[in-house]
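Visitor: Got a structure for you, questions after.
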Amino acid sequence: MKIAIWGSELTAWATAGALARTGNDIYFVSHSQIKDPITLMGSSIRNEPWLRDLIGDEFEQRRMRFAQTRTAIGIQTHILSMNPSEFEAACDIVRKIAAKAEGPLLIINQSHFGVGASDKLQALLNRRKKQIVVYFAENISEGEALDRIRNPKSMIIGCDDKAAKLTIEALFRPFSTQLENLFVMSPKEAEFTKLSIIGMLALRIGYINELANLGEQLGVDIDVIRRGMGADPRIGRHHLAPGCGFGGNTFPQTLDSLAQLLSEQNESTLMRTVLLENEKQKELPFRKLWQHYKADLHDRKIAVWGASFKPGSASLDSAPSLKVIDAIVAQQAEVRIHDPEALENVHHLYHDNPYVKIISGKYDALKNVDALVLLTEWPEYWSPDFELMLKQMKTPVIVDGRNVYQREQIESLGFAYYGIGR
Amino acid sequence: MALTDKPGWQELRKHAAANGKLHLSELLADDDKRHKTFSLRQGNLLFDFSKQRVNRKTIELLCRLARECDLKSSIDKLFSGDAVNSSENRPALHTALRSPKDSKLSLNGINIVDGIQETLERMEQIVERIHSGQWRGFSGMPIDTIVNIGVGGSDLGPYMAAKALSDDRAAGARRLRMFFVSTMDGSQIAYRLDSLNPATTLFIISSKSFTTIDTLSNANTALQWLRQASGAEDEVLYRRHFIGISADADRMAAWGIPPNSRLELWDWIGGRYSMWSAIGLPIALEIGMHQFRRMLAGAHAMDRHFRSERFEKNLPVILAMIGIWNINFLDIRAHAILPYDGRLSHLPSYLEQLEMESNGKNVTRDGEAIDYNTCPILWGEIGPNAQHAFYQLLHQGTESVMCDFVVAARRYQDSGNAELQEQHRLTLANCLAQSRILALGDSVIGGDEKAPFFKRYRSNQPSSTILLDQLTPYSFGQLIALYEHKVFTQSVIWNINPFDQWGVELGKQMATTLIEPLTQQQDVGQFDPSTNGLLEWILKQQERDS
Numbered sequence: 001m002k003i004a005i006w007g008s009e010l011t012a013w014a015t016a017g018a019l020a021r022t023g024n025d026i027y028f029v030s031h032s033q034i035k036d037p038i039t040l041m042g043s044s045i046r047n048e049p050w051l052r053d054l055i056g057d058e059f060e061q062r063r064m065r066f067a068q069t070r071t072a073i074g075i076q077t078h079i080l081s082m083n084p085s086e087f088e089a090a091c092d093i094v095r096k097i098a099a100k101a102e103g104p105l106l107i108i109n110q111s112h113f114g115v116g117a118s119d120k121l122q123a124l125l126n127r128r129k130k131q132i133v134v135y136f137a138e139n140i141s142e143g144e145a146l147d148r149i150r151n152p153k154s155m156i157i158g159c160d161d162k163a164a165k166l167t168i169e170a171l172f173r174p175f176s177t178q179l180e181n182l183f184v185m186s187p188k189e190a191e192f193t194k195l196s197i198i199g200m201l202a203l204r205i206g207y208i209n210e211l212a213n214l215g216e217q218l219g220v221d222i223d224v225i226r227r228g229m230g231a232d233p234r235i236g237r238h239h240l241a242p243g244c245g246f247g248g249n250t251f252p253q254t255l256d257s258l259a260q261l262l263s264e265q266n267e268s269t270l271m272r273t274v275l276l277e278n279e280k281q282k283e284l285p286f287r288k289l290w291q292h293y294k295a296d297l298h299d300r301k302i303a304v305w306g307a308s309f310k311p312g313s314a315s316l317d318s319a320p321s322l323k324v325i326d327a328i329v330a331q332q333a334e335v336r337i338h339d340p341e342a343l344e345n346v347h348h349l350y351h352d353n354p355y356v357k358i359i360s361g362k363y364d365a366l367k368n369v370d371a372l373v374l375l376t377e378w379p380e381y382w383s384p385d386f387e388l389m390l391k392q393m394k395t396p397v398i399v400d401g402r403n404v405y406q407r408e409q410i411e412s413l414g415f416a417y418y419g420i421g422r
Numbered sequence: 001m002a003l004t005d006k007p008g009w010q011e012l013r014k015h016a017a018a019n020g021k022l023h024l025s026e027l028l029a030d031d032d033k034r035h036k037t038f039s040l041r042q043g044n045l046l047f048d049f050s051k052q053r054v055n056r057k058t059i060e061l062l063c064r065l066a067r068e069c070d071l072k073s074s075i076d077k078l079f080s081g082d083a084v085n086s087s088e089n090r091p092a093l094h095t096a097l098r099s100p101k102d103s104k105l106s107l108n109g110i111n112i113v114d115g116i117q118e119t120l121e122r123m124e125q126i127v128e129r130i131h132s133g134q135w136r137g138f139s140g141m142p143i144d145t146i147v148n149i150g151v152g153g154s155d156l157g158p159y160m161a162a163k164a165l166s167d168d169r170a171a172g173a174r175r176l177r178m179f180f181v182s183t184m185d186g187s188q189i190a191y192r193l194d195s196l197n198p199a200t201t202l203f204i205i206s207s208k209s210f211t212t213i214d215t216l217s218n219a220n221t222a223l224q225w226l227r228q229a230s231g232a233e234d235e236v237l238y239r240r241h242f243i244g245i246s247a248d249a250d251r252m253a254a255w256g257i258p259p260n261s262r263l264e265l266w267d268w269i270g271g272r273y274s275m276w277s278a279i280g281l282p283i284a285l286e287i288g289m290h291q292f293r294r295m296l297a298g299a300h301a302m303d304r305h306f307r308s309e310r311f312e313k314n315l316p317v318i319l320a321m322i323g324i325w326n327i328n329f330l331d332i333r334a335h336a337i338l339p340y341d342g343r344l345s346h347l348p349s350y351l352e353q354l355e356m357e358s359n360g361k362n363v364t365r366d367g368e369a370i371d372y373n374t375c376p377i378l379w380g381e382i383g384p385n386a387q388h389a390f391y392q393l394l395h396q397g398t399e400s401v402m403c404d405f406v407v408a409a410r411r412y413q414d415s416g417n418a419e420l421q422e423q424h425r426l427t428l429a430n431c432l433a434q435s436r437i438l439a440l441g442d443s444v445i446g447g448d449e450k451a452p453f454f455k456r457y458r459s460n461q462p463s464s465t466i467l468l469d470q471l472t473p474y475s476f477g478q479l480i481a482l483y484e485h486k487v488f489t490q491s492v493i494w495n496i497n498p499f500d501q502w503g504v505e506l507g508k509q510m511a512t513t514l515i516e517p518l519t520q521q522q523d524v525g526q527f528d529p530s531t532n533g534l535l536e537w538i539l540k541q542q543e544r545d546s
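Those sequence lines, one after another, are chains A and B. Counting from 1, one number per residue, gives the positions in the first sequence under my numbering. Counting from 1, one number per residue, gives the positions in the second sequence under my numbering.
What follows is the structure in structure tokens.
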């Protein structure tokens, strides 16, 4: 099938690559001067596992190509994989497509424009000519984007047209080997379902973080508590790891739109509170450091392990590390940052700040420091050479923002240890 | 020569005898150009005194009196750092606080502008750190609440200004809440602390001497509150939850405030003239340092005008001399300050201190008893509110009152809110209506001579209108400097020292002697019979608690 893909985010690239691999002709819309797809992706998308090779390959095989708007609007099937903030641009695109089309169209919207957005796009088309907008709830997560597209456990499709439903099922059939649930509902319901899922995940994280902070004050270990909670089948284990807050690009943006919807329509502050508390939680590792050093970090050296908002991604979008780094350097303390993939992005943000040092070796980052703050649970941090760490550090203090270490073990080695909720 | 013997004074006496009964309705009827003749501008600030009971001759004679009193040389002494505060033998250099960065003013061989600029830069660092959420409390949470503890000049100026300029709130200030605590009895602070989070509250302790009992007792209450809530070491609390502003670094240190959290004042700044200094930190926290510097620039523009403009065109001089005319020659002993702008709600109480603490004196600089009136009773209120309160007295009472109307020509023009724009028009209309009726009485609506006596307005109450283009940090600086220099000018005419306040000292001493009988419940009977009686009654009431 000939498909035009609109958008420049991870979802757009991953969808394009996956659909090209299953034999579709992909027209990836771009007006950039950059003609090399790998360069155009940008560093954070490029570092997504397997994606770089897949895209390079598909361009070579000519199943993927760049297209200008004027070419792309002539195609019958479109996928909108755009940033939540680009709804106006999406409307413009649909208007242009509509102006050119004589016959049927299928527009698959998988952007988080909010509840009712797909219906607004549909209103720009002529339904009698079988011009249909379908909402497809993408389930992509940075670091596992391709896997999520190719092996989904459930699919939610917002579609009230029989023919369009068949087309979209055909399109995604190659990815349905592990599919347990397929839900077809109205676009508005599908958009609301997607939003509700994201909100629920945020609530779980927010709740376990609240409990962790409380547990700390009451002197209980949240790890014990969450295992007990997770064993209850009504609750389950996922998304119950306390930590120093969540970040990312679309996740916080989508939550923000949900929070806005809730407060505007319902005067509900539930989701807004979760978001505000999450921002506070991001600074929690800093506060532990601050309290350890009796509210004075002036002239100290602090190592940071992990800057990206999650392992497997180079992205710093809304990352807790940004808040912690800003807080440390504001105290005129030096921060020595290591990250397996995000250092280029860190450099981009902080290259003119004399207090920020970018260090490519994780043990080098520890040289002569007064503390280590771990913010992203990259696998290479889970089992480091503690003896070497003790040698490198001036003062053996570890603030573990992701609870990757065992307190007893760390303390027996001679470190002062601060985790989240224990 | 005594003031009342000066030829100018004598001439004004005669002039008053001949013209003092002149009615504003005649003055305004006879001269189409009266507004043009009797108004002055400095920048965009317009001072209209065409509704004062003066004619050209009056202004001429008042300026003559100012010259006979050597006003010019007094102004030069003020600006150049002479010890114009003679009883305390020190200068009063609030004007230096707003002089430009590259200017120079040598005091005892030191260029004080350097120290002033250094303090401004330190203020800027503090403001930026707080605005960016990087001033952290004991727990590491960002400070989001500021409580200014100070009294008198360390309270009224910052309080008034922060309120006046709240439309210009800096982006970083939106996450801040700011409170002012001044009263000795603890009622403000106790009420306030109940609703605050100790982890995110920063106290500014402002006291020029750092001995003010009102302020220190509130500061101690704050410290105790932090201790109980935090469990943190005192050193951490002092470092992260207090900023001290004082001329006495040693006393700040003794109280516990570390060097990095101190801002310096100088003994050549009077408390009621100090909002331009570090005492203005709450203002800077509200509007940001850029706008704080605009406020200084506005005041500086008025300074230059006051120093260089000839008296006939000099706003502070004419504002002051019209006061002299009203007080000393028309025998008006009450002065109302009437801002037609809710943002200026605290201007009256600020000016109460500025004028009455400066010029409420009954001896000359040389210690001679004074036989003429000095500072009148001054009070005020937001004009439209006062219309429902004391305007009755202005219009139909027996007391002559001079009034200052203060209002901005433009407001809400960029808000896009038609209702608010309409409210501003209504406010302006009321302001103009009131000064017109005060001047002209019921004749403005056709002079219904047959109206019943209780509906008649006697009129001929003089007023000035100070018209700002808009209320901005700059125009606000102009406005306050205008009043400061007006007060100084009057002090020169009356030959009094406006920079001391010995009249407030005895009360503090007396209070100390009364603490003992109140605590030890003895020695009652050593005071006057009235005080003894009150003491006994209080102690008797308190016996119930013991």
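Note that CB positions come from ideal geometry on N, CA and C, so glycine has one too. All values reported here derive from a predicted model rather than from experimental measurement.
1. With 7 Å set as the bound, which would you pick, yes or no: does the beta-carbon of Val127/B sit closer than that to a beta-carbon of chain A?
2. Let me check understanding here. Comparing Cα to Cα, which of Tyr381/A, Val329/A and Ser85/A lies closest to Gln300/A?
3. Quick one: grab the DSSP three-state call for His131/B.
4. Report the CB separation of Gln434/B from Gly507/B in whole angstroms; it is logged as a contact under 8 Å.
5. So is Ile132/A buried or exposed if we call it buried at 16+ other beta carbons inside 10 Å?
6. Could you tell me whether the Cβ atoms of Ser475/B and Leu467/B are closer together than 7 Å?
7. For chain B, find out if any of its Cβ atoms is closer than 7 Å to the Cβ of Lys391/A; answer yes or no.
8. Compare the beta carbon distance of Arg262/B and Gly153/B with 7 Å and say whether it is the shorter of the two.
9. Could you pull out every residue in the same chain whose Cβ sits closer than 8 Å to the Cβ of Leu107/B, ignoring the five residues on either side in sequence?
10. What did DSSP end up calling Met178/B once you bin it into helix, strand or coil?
11. Give me the chain A residues within the contact set of Ser132/B, using Cβ-Cβ distance strictly less than 9 Å, ordered along the chain.
12. Name the two residues that bound the continuous beta strand (DSSP E) containing Gln42/B.
13. If you draw a straight line from the C-alpha of Asp248/B to the C-alpha of Gly115/B, how long is it?
14. Residues in its own chain within less than 7 Å of Val84/B by CB, not counting five upstream and five downstream?
15. For Arg34/B, go through chain A and note every residue whose CB falls closer than 7 Å to its CB, in chain order.
16. What three-state label does DSSP hand Tyr207/A in the structure shown?
17. What residues from chain B crowd round Lys282/A, counting only those whose CB sits closer than 7 Å?
18. Looking at the strands, I want to know which residues DSSP matches up with Tyr27/A.
19. Quick check on Phe49/B: buried or exposed, where buried means 16 or more other Cβ atoms within 10 Å of its Cβ?
20. What runs of the alpha helix (DSSP H), each 4 residues or longer, lie entirely inside the segment 49–80 of chain B?
21. When you check each C-beta in the segment 233–262 of chain A against every C-beta of chain B, which residues fall closer than 9 Å?
22. Have a look at the DSSP bridge pairing and note the partners of Arg226/A.
23. Report, in whole angstroms, the separation of the C-beta atoms of Phe405/B and Tyr483/B, which I expect to be a contact under 8 Å.
24. Step through the CB atoms of chain B and report whether any lies within less than 7 Å of the CB of Arg63/A.
25. Could you name the residues of chain A that Gly288/B contacts, counting a contact when the two beta carbons are closer than 9 Å?
26. Can you confirm whether Ser475/B, when its beta carbon is compared against all beta carbons of chain A, has any partner nearer than 7 Å?
27. Would you say Val236/B reaches chain A, if we count a Cβ-Cβ gap shorter than 7 Å as a contact?
28. Give the single residue among Leu438/B, Arg177/B, Tyr412/B and Phe180/B whose Cα lies nearest to the Cα of Gln396/B.
29. Can you pull the chain A residues whose beta carbon is under 8 Å from the beta carbon of Glu233/B, in chain order?
30. Gly172/B touches chain A at which residues, Cβ-Cβ below 9 Å?
31. Look at the alpha carbon of Arg52/A and the alpha carbon of Tyr355/A, and state the distance between them as a whole number of angstroms.
32. Give every residue of the same chain whose Cβ lies closer than 7 Å to the Cβ of Arg192/B, excluding the five residues on either side of it in the sequence, and list them in chain order.
33. Measure the C-alpha to C-alpha separation of Asn385/B and Cys431/B and round it to an integer number of angstroms.
34. Suppose contacts are defined by Cβ-Cβ distances below 7 Å. Is Ser81/A in contact with Ala12/A by that definition?
35. Buried or exposed: where does Leu24/B fall if 16 or more other Cβ atoms within 10 Å of its Cβ makes it buried?
36. Tell me, to the nearest whole angstrom, how far the beta carbon of Ile410/A is from that of Ile420/A; I am working on the premise that it is less than 8 Å.
Guide: Checking against the coordinates, here is how it stands:
1. Start at 1 with the first residue of the second sequence, and residue 127/B comes out as number 127. No, its Cβ sits nowhere closer than 7 Å to a Cβ of chain A.
2. Here residue 300/A refers to the residue found at position 300 of the first sequence. Sequence check: residue 300/A is Arg here, not Gln. It is Val329/A.
3. Counting from 1 along the second sequence, the entry for residue 131/B is found at position 131. Note: His131/B maps to helix in three-state DSSP.
4. Taking the second sequence and counting its residues from 1, the one referred to as residue 434/B is at position 434. Taking the second sequence and counting its residues from 1, the one referred to as residue 507/B is at position 507. Wrong, their Cβ atoms sit about 37 Å apart, outside the cutoff.
5. Sequence index remark: in the first sequence, residue 132/A carries index 132 (1-based). By the neighbour-count rule (16 or more Cβ atoms within 10 Å), Ile132/A is buried.
6. Mapped onto the second sequence, residue 475/B falls at position 475. Mapped onto the second sequence, residue 467/B falls at position 467. No, these two residues do not count as a Cβ contact at 7 Å.
7. Here the question's residue 391/A lines up with position 391 in the first sequence. It does not; no Cβ of chain B falls within 7 Å.
8. Residue mapping note: residue 262/B aligns to position 262 of the second sequence, counting from 1. Residue mapping note: residue 153/B aligns to position 153 of the second sequence, counting from 1. Result no, Cβ atoms of Arg262/B and Gly153/B do not sit closer than 7 Å.
9. As a position in the second sequence, residue 107/B is number 107, starting the count at 1. So the list reads Gly81, Pro91, Leu93 and Trp268, once near-sequence residues are dropped.
10. For this step, residue 178/B is matched to residue 178 along the second sequence. Looking at Met178/B - three-state DSSP - the assignment turns out to be strand.
11. Counted from its first residue, the second sequence places residue 132/B at position 132. Neighbours of Ser132/B on chain A, chain order: Asp326 and Ala330.
12. On the second sequence, residue 42/B is found 42 positions in, with the first residue counted as 1. Ser39 to Gln42 is the extent of the beta strand (DSSP E) around Gln42/B.
13. Residue mapping note: residue 248/B aligns to position 248 of the second sequence, counting from 1. Residue mapping note: residue 115/B aligns to position 115 of the second sequence, counting from 1. Roughly 15 Å between the two C-alpha positions.
14. In the second sequence, residue 84/B corresponds to position 84, counting from 1. These residues qualify, in order along the chain: Lys77, Leu78, Pro91, Ala92 and Phe499.
15. For this step, residue 34/B is matched to residue 34 along the second sequence. Per Cβ cutoff of 7 Å: no residues; Arg34/B is ~56 Å from chain A at best.
16. Along the first sequence, read from residue 1 onward, the residue named residue 207/A stands at position 207. Note: Tyr207/A maps to helix in three-state DSSP.
17. Indexing the first sequence from 1 puts residue 282/A at position 282. Chain B residues near Lys282/A: none, gap ~12 Å exceeds 7 Å.
18. In the first sequence, residue 27/A corresponds to position 27, counting from 1. According to DSSP, Tyr27/A bridges with Ala4/A and Arg65/A.
19. By one-based count along the second sequence, residue 49/B stands at place 49. So Phe49/B counts as buried.
20. 56–68 and 71–80
21. none
22. In the first sequence, the residue the question calls residue 226/A occupies position 226. In the DSSP output, where bridge partners are listed per residue, Arg226/A has none listed.
23. Here residue 405/B is taken as the residue at index 405 of the second sequence, counted from 1. Here residue 483/B is taken as the residue at index 483 of the second sequence, counted from 1. With a Cβ gap of about 14 Å, Phe405/B and Tyr483/B do not count as contacting.
24. Taking the first sequence and counting its residues from 1, one reaches residue 63/A at position 63. Closer than 7 Å: no.
25. Residue 288/B sits at position 288 when you count from the first residue of the second sequence. What Gly288/B touches in chain A: nothing, since even the nearest Cβ is about 18 Å away.
26. Here residue 475/B corresponds to residue number 475 of the second sequence, with the count starting at 1. Chain A, which has no Cβ nearer than 7 Å to the Cβ of Ser475/B, makes this no.
27. Here the question's residue 236/B lines up with position 236 in the second sequence. Yes, contact with chain A.
28. Residue numbering aside, residue 396/B sits at position 396 when the second sequence is read from its first letter. When only C-alpha atoms are compared, the closest one is Leu438/B.
29. As a working mapping, residue 233/B is identified with position 233 in the second sequence. The contacting residues are Lys294.
30. Here residue 172/B corresponds to residue number 172 of the second sequence, with the count starting at 1. None at all; the shortest Cβ gap to chain A is about 13 Å.
31. Position 52 of the first sequence, counted from the first residue, corresponds to residue 52/A. Position 355 of the first sequence, counted from the first residue, corresponds to residue 355/A. Spanning the two alpha carbons is a distance of roughly 34 Å.
32. Position 192 of the second sequence, counting from 1, holds the residue named residue 192/B. Excluding residues within five positions, the ones whose Cβ falls inside 7 Å are Val147, Phe179 and Val181.
33. For the purposes of this step, residue 385/B is taken as residue 385 along the second sequence, with counting starting at 1. For the purposes of this step, residue 431/B is taken as residue 431 along the second sequence, with counting starting at 1. Each residue's Cα considered, the two are about 11 Å apart.
34. Start at 1 with the first residue of the first sequence, and residue 81/A comes out as number 81. Start at 1 with the first residue of the first sequence, and residue 12/A comes out as number 12. It is a contact, given that the beta carbons lie within the stated cut-off.
35. On the second sequence, residue 24/B is found 24 positions in, with the first residue counted as 1. When all chains shown are included, Leu24/B counts as buried.
36. On the first sequence, position 410 is the one that residue 410/A refers to. On the first sequence, position 420 is the one that residue 420/A refers to. So it is not a contact: roughly 14 Å between Cβ atoms.
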